[in-house]
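**Student:** Below you'll find the structure I mean.
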Amino acid sequence: MTVPAPALFDWSGREVSIAQIDSELGRLRRDSAGEDGNPHQRTSVMTHVAWVPPEWLDAAERVLAGMAERHPSRTVILVPRPAEEGGIDAEISVRCFPIGESTVCGEVIELALRGNRALAPASIVLPLVISDLPVFLRWRGEPSFRESQWQQLVEVADRVIVDSSEWAAPRHAELVEVFDRTAVSDIAWARTDDWRIALAARWPAIAGQQIAIRGPRAEGSLLRGWLQSRLERTLPAVEPAGEVGVLLDGEEVAPPQDQPRSPSDLLSDELDHLGRDPVYEAAASAS
Amino acid sequence: MSSTTEQANPLAEGLPIRRRPEPCTLVIFGASGDLTERKLMPALYSLAFRRLLPDRFTIVGAARSEGSDDWFRQAMKEAVKRFARDEFRQEVWEPLEAGMRYVQLDAEDTGESLASRLERIDEERGSSGNRLYYFAVPPNAIGPLLEKVAEGRSDTGWNRLIIEKPFGHDLASAKDLNTLIGEHFSEREIFRIDHYLGKETVQNLLALRFANGIFEPIWNRQFIDHVQITVAESIGIEGRAGFYEQAGAIRDIFQNHLLQLLAITAMEPPSDFTADSVRNEKVKVLHSLHTPGPKSVVRGQYGRGFVEGVEVPGYREEEGVAPESTTETFVAAKLYVDNWRWADTPFYVRMGKRLARRETTIAIQFKRAPHPPFEETAVEGLRPNVLLIHVQPDEGLSLAIGAKVPGQGMSIRNVHMDFLYGSAFRHGLPEAYERLILDALLGDATLFTRSDEIEEQWAIVDAIIAAWQRDRIAFPNYPAGSWGPPSADELLARDGRSWGRH
Chain A
23 MTVPAPALFD WSGREVSIAQ IDSELGRLRR DSAGEDGNPH QRTSVMTHVA WVPPEWLDAA
83 ERVLAGMAER HPSRTVILVP RPAEEGGIDA EISVRCFPIG ESTVCGEVIE LALRGNRALA
143 PASIVLPLVI SDLPVFLRWR GEPSFRESQW QQLVEVADRV IVDSSEWAAP RHAELVEVFD
203 RTAVSDIAWA RTDDWRIALA ARWPAIAGQQ IAIRGPRAEG SLLRGWLQSR LERTLPAVEP
263 AGEVGVLLDG EEVAPPQDQP RSPSDLLSDE LDHLGRDPVY EAAASAS
Chain B
20 MSSTTEQANP LAEGLPIRRR PEPCTLVIFG ASGDLTERKL MPALYSLAFR RLLPDRFTIV
80 GAARSEGSDD WFRQAMKEAV KRFARDEFRQ EVWEPLEAGM RYVQLDAEDT GESLASRLER
140 IDEERGSSGN RLYYFAVPPN AIGPLLEKVA EGRSDTGWNR LIIEKPFGHD LASAKDLNTL
200 IGEHFSEREI FRIDHYLGKE TVQNLLALRF ANGIFEPIWN RQFIDHVQIT VAESIGIEGR
260 AGFYEQAGAI RDIFQNHLLQ LLAITAMEPP SDFTADSVRN EKVKVLHSLH TPGPKSVVRG
320 QYGRGFVEGV EVPGYREEEG VAPESTTETF VAAKLYVDNW RWADTPFYVR MGKRLARRET
380 TIAIQFKRAP HPPFEETAVE GLRPNVLLIH VQPDEGLSLA IGAKVPGQGM SIRNVHMDFL
440 YGSAFRHGLP EAYERLILDA LLGDATLFTR SDEIEEQWAI VDAIIAAWQR DRIAFPNYPA
500 GSWGPPSADE LLARDGRSWG RH
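First to last, the sequence lines map onto chains A and B.
Per the working numbering, numbering through the first sequence is continuous, rising by one, with the last residue being 309.
Per the working numbering, numbering through the second sequence is continuous, rising by one, with the last residue being 521.
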């Protein structure tokens, strides 16, 4: 399916207020009106908040390109720049996509939070959240679990999405602490889907077999945690490797043949889930 | 103590594999037909594209036409490239193609029988004797094929049949067909398909009604004035005169799609979403349908006219149609569901070919506000609230409400709050056949029609047609490109109502 290019209406400003952002969004929506003068339908199924430290900005923008079309939403990208002088800079766009004879629009609000404005992100996000719709928080990079920004945004979110393969060290033990406060997705966990399907097909033989896992730290440890929690036994530590591999009684399991999903596909899939994932939570706890 | 083998697989919990069926063989009777090319094969490709088909999945095309495995694969590849909603990817196609075989039905007597070919395929492909037979053939071809299928019934795996509509021609023939199938297969092995039930928007109607607390309390005679269901096509009979002359609008659309839409609109909440719970509730509605008297049913046939600016021939001028044909191409009716929820609430239904536009909608018209405290001029032209469900095209919902016109004074106009399905969920709506084939592979019959539903539907149709035998109508009585004969408007006008213009 060819995705038509969106019509883009944008605005940017330095030292902006939330009221100004609201007002400019309204203006952009009016500017995007069709030939009949009526604004296009704003369709949202969520507010998508992304916490994106500057070193992750390029990667995040690549993944987010096209997401508005797949998940009509208001996307709020927060770029913390604590070392700079205090203030908020905004780049706002309304992106409209033709759907049949209609056009629907989504909104992207990218905010650079300079200086001490990066300290209280929830107070900036809350006025921008669309009421009564779920809030997804994608936290790019390694969260500072003890810091206030993480704690604040977790409180705002109905679901937090991390990718533990972006972390320098395994920190699932700290992530586990928010499981009772919000639902959590881990893109590294989603990358193990095909392996888990392949290993589940080995039941019941796998229950009595010796299992050895190698692989990247995040995926490997989640796979090990999953098997430990499901089979209720302890497995040997994961051997570091570039790709996931599993030995059952010393024999190599054929890797799944399915094409790996793109980063956009992985995030897109996570945005479809709202509830808690008890299997993931158990795997992360046991990893 | 239970053994490990008997325990549920703890590794399967939470995995996206619940809807992946067991290895099996799908046998398509009518493999060289239009339905296979346009709908079934593209649907199978889309399922493969999303990795929803089982491992070791085999497709056996069976038809009278001469052909080979390679010919069948090539023809299906062309069909996928032409009609599938997903882009063609060689890596998706190759594993699907590897499992494709062709059987020429008439050549069996001189060669290998279908049964032994299927056994051989089971051995080659390890499909454990699981078989799904898709009867994409006219009703009169089902009987002989059933004998072949029963003869080669697999004892090692499951056997399931998908039967395309029309299921019979009247109540007697539907009962005969049910009996014939029942001699060899149990009800849980039979999947009578009505592709409307596979449409996302039809299923969304169930979600709308039973997942939203605001609608169910007002979904009854106390708050709803009446319901209108429209199944309109702008196309003609598209070269299907042989079928249509025998069927007409009442058998083509009313007996199946329309009565299913009505049943889903009117049914009570099922206790759960299992096949029998849902179908039990639908049957109760069909059973409660009051047989409409002759004055409550209108039929029509299109004459020459214009559709989208193009002059089109009348029905009697279509190739293969008798010049004096009395086949109806339009039916409208006022129906009543005789139960506590719907007593005295009319369901106006209409369906037909060569109407003004293609549209399937369910309009729930609510009663007017009892006493609007405004001057008469303020609410002039204000229509009652209507919840409009667009089944196709532009799938979605629209709620018409009264709103104040900005400015001095009080003037109230109708405005629409729209929910466009495709704009909120941008996954691309699956084709109905994808959902239904997958459900049949999984053995889930919720969206298929049960024998008693079919028989209730035909009983209503037979009663309506019986009344038609007694009087003849001067056809054609509506021009192509219109909304049907004037008598369809009169049907509502008599009750002080009119058809919605959506």
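Glycine is no exception: its CB is placed at the ideal position from the N, C-alpha and C atoms.
This one's a predicted model, so the numbers in the text were calculated from it and none came from an experiment.
Step through the CB atoms of chain A and report whether any lies within less than 9 Å of the CB of Ala81 (chain B).
**Tutor:** False, the Cβ-Cβ gap to chain A never drops below 9 Å.
**Student:** What residues match up with Phe393 (chain B) in a beta bridge as DSSP calls it?
**Tutor:** In DSSP, Phe393 (chain B) forms no bridge with anything.
**Student:** Using three-state DSSP, classify Lys423 (chain B) as helix, strand or coil.
**Tutor:** Note: Lys423 (chain B) maps to strand in three-state DSSP.
**Student:** Going along chain B, which residues have a C-beta under 8 Å from Ala220 (chain A)?
**Tutor:** Correct list: empty, because the minimum Cβ distance to chain B is about 10 Å.
**Student:** Taking all protein chains shown into account, do 16 or more other C-beta atoms lie within 10 angstroms of the C-beta of Trp112 (chain B), making it buried, or fewer, making it exposed?
**Tutor:** Buried, by the Cβ-count rule.
**Student:** For Leu253 (chain A), return the contacting residues in chain B, with the cut-off set at a CB-CB distance below 9 Å.
**Tutor:** Result: Pro29 and Leu30.
**Student:** Please report whether the beta-carbon of Ile235 (chain A) lies at a distance below 9 Å from any beta-carbon of chain B.
**Tutor:** By this cut-off, Ile235 (chain A) is not an interface position.
**Student:** Against Leu34 (chain B), what residues of chain A qualify as contacts under a CB-to-CB distance less than 7 Å, listed in chain order?
**Tutor:** What Leu34 (chain B) touches in chain A: Arg218, Ile219 and Ala222.
**Student:** Have a look at Ser290 (chain A) and Tyr355 (chain B) and give me their C-alpha separation to the nearest angstrom.
**Tutor:** Taking the straight line joining both Cα atoms gives about 46 Å.
**Student:** I want to verify the contact list: residues of chain C whose CB lies under 9 Å from the CB of Asp299 (chain A), in sequence order.
**Tutor:** No chain C is present in this structure, whose protein chains are A and B.
**Student:** Check the Cβ-Cβ distances between Leu63 (chain B) and every residue of chain A, and say whether any is below 9 Å.
**Tutor:** Not an interface residue.
**Student:** Identify, in the order they occur along the chain, each residue of the same chain with its Cβ nearer than 6 Å to the Cβ of Trp211 (chain A), setting aside the five sequence neighbours on each side.
**Tutor:** Cβ within range, chain order: Leu244 and Tyr302.
**Student:** Express the C-alpha separation of Ser307 (chain B) and Asp481 (chain B) in angstroms, rounding to a whole number.
**Tutor:** So the two alpha carbons sit approximately 16 Å from each other.
**Student:** I want to see whether chain A comes within less than 9 Å of Thr24 (chain B), judged by CB atoms only; does it?
**Tutor:** Only weak support exists for where Thr24 (chain B) lies, its pLDDT of 49 falling under 50; the value from the coordinates is given anyway. It does: the Cβ of Thr24 (chain B) has a partner Cβ on chain A nearer than 9 Å.
**Student:** Tell me whether Leu466 (chain B) sits in a helix, a strand or coil according to DSSP, three-state version.
**Tutor:** The answer is coil: DSSP assigns Leu466 (chain B) none of H, G, I, E or B.
**Student:** For Asp213 (chain B), collect the residues of the same chain with a Cβ closer than 8 Å to its Cβ; drop the 5 residues on either side in sequence, then sort them by chain order.
**Tutor:** Here the set comprises Lys184, Asn275, His276, Gln279, Phe467 and Thr468.
**Student:** Taking a contact to mean a Cβ-Cβ separation below 9 Å, would you say Asn149 (chain B) touches Pro288 (chain B) in this structure?
**Tutor:** It is not a contact, given that the beta carbons lie outside the stated cut-off.
**Student:** Give the range of the alpha helix (DSSP H) segment to which Val302 (chain B) is assigned.
**Tutor:** Note, Val302 (chain B): alpha helix (DSSP H), Ala294 to Ser307.
**Student:** So, does the CB of Ser21 (chain B) fall closer than 9 Å to a CB anywhere in chain A?
**Tutor:** With a pLDDT of only 47 at Ser21 (chain B), under the threshold of 50, the placement of this residue in the model should not be trusted; the figure read from the coordinates follows. For Ser21 (chain B), the answer is no, since every Cβ of chain A falls outside 9 Å of its Cβ.
**Student:** For Val356 (chain B), which three-state DSSP category applies?
**Tutor:** The answer is strand: DSSP assigns Val356 (chain B) an E or B state.
**Student:** Taking Cβ positions only, does Leu141 (chain A) come closer than 9 Å to chain B?
**Tutor:** Not an interface residue.
**Student:** Relative to the alpha-carbon of Arg51 (chain A), which residue among A:Gly163, A:Pro238, A:Ala259 and A:Ser115 has its alpha-carbon at the smallest distance?
**Tutor:** Among A:Gly163, A:Pro238, A:Ala259 and A:Ser115, the Cα nearest to that of Arg51 (chain A) belongs to A:Ser115.
**Student:** With 9 Å set as the bound, which would you pick, yes or no: does the beta-carbon of Met23 (chain A) sit closer than that to a beta-carbon of chain B?
**Tutor:** Because the pLDDT at Met23 (chain A) is just 38, under 50, the model does not fix this residue reliably, and the value given afterwards should be weighed accordingly. Judged by the 9 Å Cβ criterion, Met23 (chain A) is in contact with chain B.
**Student:** According to DSSP, what are the bridge partners of Tyr121 (chain B)?
**Tutor:** According to DSSP, which records beta bridges pairwise, Tyr121 (chain B) is partnered with B:Gly80.
**Student:** On the DSSP letters alone, give me the boundaries of the beta strand (DSSP E) that Asn231 (chain B) sits inside.
**Tutor:** Unbroken run through Asn231 (chain B): none, as it is neither H nor E.
**Student:** Can you find a CB in chain B that lies within less than 9 Å of the CB of Asp271 (chain A)?
**Tutor:** Asp271 (chain A) does not count as touching chain B.
**Student:** Using 10 angstroms around the beta-carbon of Pro40 (chain B), count the other beta-carbons present and answer buried if the total reaches 16, otherwise exposed.
**Tutor:** When all chains shown are included, Pro40 (chain B) counts as buried.
**Student:** Mind checking Glu423 (chain B): buried by the 16 CB within 10 Å criterion, or exposed?
**Tutor:** As written in the sequence, residue 423 (chain B) is Lys, which differs from the Glu given in the question. Lys423 (chain B) should be labelled exposed.
**Student:** Classify Trp359 (chain B): buried if its beta carbon has 16 or more other beta carbons within 10 angstroms, exposed otherwise.
**Tutor:** By the neighbour-count rule (16 or more Cβ atoms within 10 Å), Trp359 (chain B) is not buried but exposed.
**Student:** Using only the alpha-carbon positions, how far apart do Ala308 (chain A) and Leu257 (chain A) sit?
**Tutor:** Roughly 10 Å separates the two Cα atoms.
**Student:** Under 6 Å Cβ to Cβ from Met23 (chain A), same chain only, skipping five residues before and after it: list those, please.
**Tutor:** With a pLDDT of 38 at Met23 (chain A), under the threshold of 50, the modelled position of that residue is not reliable, and the figure given next carries that caveat. Correct list: empty, nothing qualifies.
**Student:** My output table needs one value for Phe494 (chain B): the three-state DSSP class, helix, strand or coil.
**Tutor:** Coil at Phe494 (chain B), not helix or strand.
**Student:** Looking at the structure shown, is Leu288 (chain A) part of a helix, part of a strand, or coil, going by DSSP?
**Tutor:** Looking at Leu288 (chain A) - three-state DSSP - the assignment turns out to be helix.
**Student:** Decide yes or no for the touch test of the segment 363–376 of chain B against the segment 246–261 of chain B: beta carbon pairs closer than 8 Å, at least 3 of them.
**Tutor:** Output reads yes: the segment 246–261 of chain B touches the segment 363–376 of chain B.
**Student:** Nearest to Leu448 (chain B) by alpha carbon, out of B:Gly421, B:Arg432, B:Asp463 and B:Asp413?
**Tutor:** Out of B:Gly421, B:Arg432, B:Asp463 and B:Asp413, B:Asp413 has the C-alpha closest to the C-alpha of Leu448 (chain B).
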